[in-house]
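The next block holds one structure in the form of structure tokens; read it before the comments.
Numbering (this note's numbering), first residue to last: 1 to 227.
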């Protein structure tokens, strides 16, 4: 083998190693046994959230405008995101947010998955520089960094019963500008196409209204979607 071919092979191996390492960094699962606190953008434990019996437990009131919430940092555009959750008392709800690049140079909500007791509802948060856009979220000013306005598209509620306090599994897959969503292994959102879905994902947010007994989360998974 010539020297030039050796260098070419070595270069290919280095590139393959870098790609493999990048994929491994995107693929992980949080089982909370113990918690990998460095992955979270919100300090844990805090007054509402802690690890208990191998799961993440959030309960009570935040004392502010919104219920208790926490952020998790992620990186990647084409990703599969999944987690399990369980209510510990009647009523309440959980909203799951996916935040990412708004297409104009800043980071904002891209999608909200509203896990209600009576059904599943999606809200797509698009972005535009047009202040008169019909979907603009009124009373919200343009982003201070990008100058873009948030757009709200609330999709129809898909009625289903989530009243029982049992474990449910949620899985989202982003591939390009296409989203699919499974709940408890059943496909509820099939190939929903929106331009904002192709952006880099930066943060995940769980907003939890679970009362004093709270909500448990487990098996938070992030994995790269293979081409």
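All C-beta atoms, glycine included, are put in the ideal place defined by N, C-alpha and C. The structure displayed is predicted, hence computed values, not measured ones.
Residues sharing a beta bridge with residue i, DSSP
i	result
residue 207	69, 95
residue 174	179
residue 30	220
8 angstroms contact criterion, which residue i and residue j should meet: CB distance rounded
i	j	result
residue 102	residue 148	5 angstroms
residue 231	residue 58	With the chain covering 1 to 227 only, the question about residue 231 has no answer from this structure.
residue 105	residue 145	6 angstroms
residue 48	residue 34	The Cβ separation is near 19 angstroms, so there is no contact.
Nearest-angstrom Cα separation, counted from residue j out to residue i
i	j	result
residue 50	residue 32	10 angstroms
residue 187	residue 123	17 angstroms
residue 223	residue 194	21 angstroms
residue 98	residue 196	11 angstroms
residue 210	residue 216	9 angstroms
residue 138	residue 76	30 angstroms
residue 79	residue 201	8 angstroms
residue 221	residue 70	16 angstroms
residue 214	residue 86	9 angstroms
residue 219	residue 142	36 angstroms
Which of helix, strand or coil DSSP assigns to residue i
i	result
residue 22	Its pLDDT being 42, under 50, residue 22 is placed unreliably by the model, and nothing is read from it.
residue 38	helix
residue 159	strand
Whether residue i touches residue j by CB criterion (8 angstroms)
i	j	result
residue 282	residue 152	Residue 282 lies beyond the range of the chain shown here (1 to 227); nothing can be said about it.
residue 84	residue 30	no
heavy atom of the ligand ADP below 7 angstroms from residue i C-beta
i	result
residue 45	In the structure shown, the ligand ADP is absent, as is every other ligand, since no ligand is present at all.
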